[in-house]
Structures are given as structure tokens and as C-alpha cells.
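Structure record follows, encoded as C-alpha cells.
Number of protein chains: 2
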Amino acid sequence: MDNKRGNVWIAAAGLVINENGEWLVVKKKYSGLKGKWSLPAGFVQPGEMLDEAAVREVKEETGIDAEPVALLGLRTGVIAGEISDNMAIFLLRPLSRDIVVQTDELYAAAFLSKTALQNDPNTSGLLRYLLALEPLDSLSLHDGLNPGDPFGYTKYRLYFESSKLKE
Amino acid sequence: MDNKRGNVWIAAAGLVINENGEWLVVKKKYSGLKGKWSLPAGFVQPGEMLDEAAVREVKEETGIDAEPVALLGLRTGVIAGEISDNMAIFLLRPLSRDIVVQTDELYAAAFLSKTALQNDPNTSGLLRYLLALEPLDSLSLHDGLNPGDPFGYTKYRLYFESSKLKE
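Respectively, the protein sequence lines represent chains B and C. Every letter in the first sequence is one number past the one before it in this note's numbering, and letter 95, counting from 1, is 95. Just remember that this note's numbering sits 1000 ahead of the position in the second sequence, which is counted from 1.
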């Protein structure tokens, strides 16, 4: 366990969907997700926003360039009664097509159809849950708000959705 | 700056709306929000989920009991180029009515109408932004999923929304 991280964790995952409606998934070599199809994900680093962490993890694990579109959801939980473990899941738009698998950490990375993932016994529980919820709603990216100089923000973004905006 | 927290922060805020449509807001005595109406909020602690942190902060700051209903949104940013500062904002349902102000940290706590908050020059920028977005959509609480024993979760919740679920 990484002591730098303390007992409150925040991670980001990216769901990249290509023009054929296929989902970009990875098979990790470690952790509870070992050998299971799951979303590219990892811990947020100092100096980056949550959505930037999702974009970076997708790039590092799969070689795919992507940009944030919306917030799909949040997973929050507690591990062993003491670690607050949180993950925000972003919808990302792919900007490239060629997968380069990060073989140190992953067995595989691929764009797979929703049917293929639903029928594969090695699809992770969370991914299976998301496939059953599809089509997923989301909260839109709001960029450009200046929260005010006293806060010292050098980057700032919001994810919210309003029914009014959809009309 | 709290070193335990490192350079990746995660906080939770709660929006409690009463039966008159009034928003529960507080005026902090410190930080960039000093003297501004803002939502009860604070850092997540080890052993608690994000939504539990929102409920706890509302209780500590205002005395109001509440329960989580939905995820309204996410604020993510970077402070001074190095601190990843993140906050999830939950919609909470009030379970009590009597406000008890935490006077060590706050000048005031009150249920105020949206019009009152919009007209008050001391309403925070983020709160003003949310008031303009109203009515806000949200991602629903999904409880009861078992992610699998290998993960060691003692608590686990998801916030997602599907158009299918609304029908």
C-alpha cells in the first residue's frame, strides 16, 4: 500500500467508445481485477484534474488518445473498514485508433462489442453492471468558469447536467 | 496544509433542499469562501464513503440530519499547479428541520430561497453557477452491488444514471 496516498484514495477511469460502439477494455495482470476485462483506470496524481487522470491512464495502458466528454458516474467504497476508495468514471472521445498495450501491467487491451463483453465470463462485475445500465446518462463538462483569484486554482472544471441545457 | 492529505484532495459537499425548495447554506469563517454563502462541505475521512462525508459535514456544520439521494456533480481542479483538488456534490434529503450552527467554523447556516441566494452579493461563485443551472439533473444512488470478495470492500456504492431506468 502506497503511504503517500494515505487512507483516502481517488482514482479515475475512462470509458472510450469507438465509432462502431465498441468499448475500450483492458485485462490487468494484478489486483482484484487480474484477468478480468475492466476499464483503463488508475490513481490521480498531484497537478492533474480527475478527467486528465482518466485520459492519461487510457493513453498509458492502451496507447489511445482521448478527450473528456462527460462524467458517467462515481464508485465510492471503503476497503477493510478503513480506506476510503473512490473512482470517477468519465466518458472519453477517442482521438486515435491504434492500440498499444502496456504489457508490464496488462495481458491485453481491445475494443470489444457490448455483446462480446456481456458474454465473456471474464468481464468484471462493475463493467457488467454498466453494460446492463446502458444507455448511460452523464453529467456534461463545463469549462471556463473562473472561481475567483482567492482560491489559487490554476485549472478548474465542473461536471453537471441540467434538464434546461438539454432542451 | 495537511501533510496527511498529500497533494491529491477529495472532498464532499451536500445540497439539502427542504420542503419549501430552500437550500441549506453556510457562511464559513475561513478560506476563499470566507463570508460567502456556500454548501456544507469538507474533506473525506478514512473509513467513510464520499456520500457519508457529505452527510457528516452537513450534520457537523448545521445540525441537520440528511441521507444521500443522488450525485449532482463534480468539481475538479488544480491549485497552484500541484494540488489535485476534487469535490463531489451530493443531493441530500433532509431528515430534520432545526439548524444548529457550528460557530467555531461558521458565521451562519440557513435555509434560503433560490431567489434570496441569487440576489445576495455574498453568494459564492460555484453556488451562483448551480443556481443558474437549476433544475439540476443527477446520477442516482445504486446500492447493494457486491463487487466480489477479492476486493475486500466493507462498503460499496455506485452513482450512475440510465435513461432506461427513468422510463
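Note that CB positions come from ideal geometry on N, CA and C, so glycine has one too.
Close Cβ partners of residue i (< 7 angstroms) along its chain, the five nearest in sequence each way excluded
i: C:L1071; result: A1088, F1090, S1138, L1139, Y1159
i: C:D1098; result: G1063
i: C:L1106; result: V1026, K1027, K1028, K1029, E1061
i: C:S1084; result: N1007, V1008, W1009, V1078
i: C:G1014; result: L1039, P1040, A1054, V1055, E1057, V1058, A1066, F1090, L1092
i: C:L1095; result: D1065, A1066, E1067
i: C:D1120; result: W1037
C-beta neighbour in chain B for residue i, strict 8 angstroms
i: C:L1071; result: yes
i: C:L1015; result: no
i: C:A1088; result: yes
i: C:G1021; result: no
i: C:L1131; result: no
i: C:I1059; result: Sequence inspection shows Lys at residue 1059 of chain C; the Ile mentioned does not correspond to that position. Not closer than 8 angstroms to any Cβ of chain B, the Cβ of C:K1059 fails to qualify, so no.
i: C:L1127; result: no
i: C:T1115; result: no
i: C:V1025; result: no
i: C:G1047; result: yes
i: C:L1074; result: yes
CB contact below 8 angstroms: residue i versus chain C
i: B:L136; result: yes
i: B:L50; result: yes
i: B:P121; result: no
i: B:Q118; result: no
i: B:S162; result: yes
i: B:V55; result: no
i: B:T62; result: no
i: B:P40; result: no
i: B:M1; result: The predicted model places B:M1 with a pLDDT of 41, which falls under 50 and marks its position as unreliable; any figure quoted below should be read in that light. B:M1 does not count as touching chain C.
i: B:I10; result: yes
i: B:G35; result: no
i: B:N7; result: yes
For residue i: DSSP bridge partner residues
i: B:M49; result: Note: B:M49 sits in no beta bridge, so no partner.
i: C:R1075; result: B:L158, C:M1087
i: B:D143; result: B:R157
i: C:E1067; result: C:R1093
i: B:V26; result: B:S38, B:A109
i: C:G1032; result: DSSP output for C:G1032 lists no bridge partner at all.
i: C:V1055; result: Per DSSP, none; premise fails for C:V1055.
i: B:F43; result: B:A11
i: C:V1016; result: C:L1092
i: B:L126; result: According to DSSP, which records beta bridges pairwise, B:L126 is partnered with nothing at all.
i: B:L136; result: C:S1162
Beta-carbon contacts of residue i that lie in its chain and below 6 angstroms, excluding the five residues immediately before and after
i: B:K123; result: According to the sequence provided, residue 123 of chain B is Thr. The question's Lys does not apply to it. So the list reads W37, L117, once near-sequence residues are dropped.
i: C:I1010; result: V1044, N1086
i: B:V55; result: A66
i: C:R1075; result: M1087
i: B:D2; result: Unreliable placement is indicated for B:D2, whose pLDDT of 46 sits below 50; the coordinate value is still reported in the next sentence. Excluding sequence neighbours, B:D2 sits near nothing in its chain.
i: B:V100; result: G63
i: C:L1136; result: L1072
i: C:D1051; result: P1068, F1090
Check: residue i C-beta below 7 angstroms from any heavy atom of the ligand ADP
i: C:E1161; result: Among the components of this structure there are no ligands whatsoever, and the ligand ADP is therefore not found.
Sequence-distant residues of its chain with Cβ nearer than 8 angstroms to residue i (five each side left out)
i: B:N146; result: Y156
i: C:N1018; result: L1024, P1094, R1097, F1111
i: C:W1049; result: The question names Trp, but residue 1049 of chain C is Met in the sequence shown. Closer than 8 angstroms at the Cβ level, and outside the excluded window around C:M1049, lie K1155, R1157.
Inter-stretch contact (C-beta, 8 angstroms, three-pair minimum) for the region 1125-1139 of chain C and the region 1077-1084 of chain C: Short answer: they don't touch.
Within 7 angstroms of chain C by C-beta, residues of the region 79-107 of chain B in sequence order: Listed by position along the chain: I79, A80, G81, E82, I83, S84, N86, A88.
Contact set between the region 139-161 of chain B and chain C, restricted to residues whose Cβ is under 7 angstroms from the partner: L139, L145, P147, G148, P150, F151, G152, Y153, T154, K155, Y156, R157, L158, Y159, F160, E161: these are the residues of the region 139-161 of chain B whose beta carbon lies less than 7 angstroms from some beta carbon of chain C, given in chain order.
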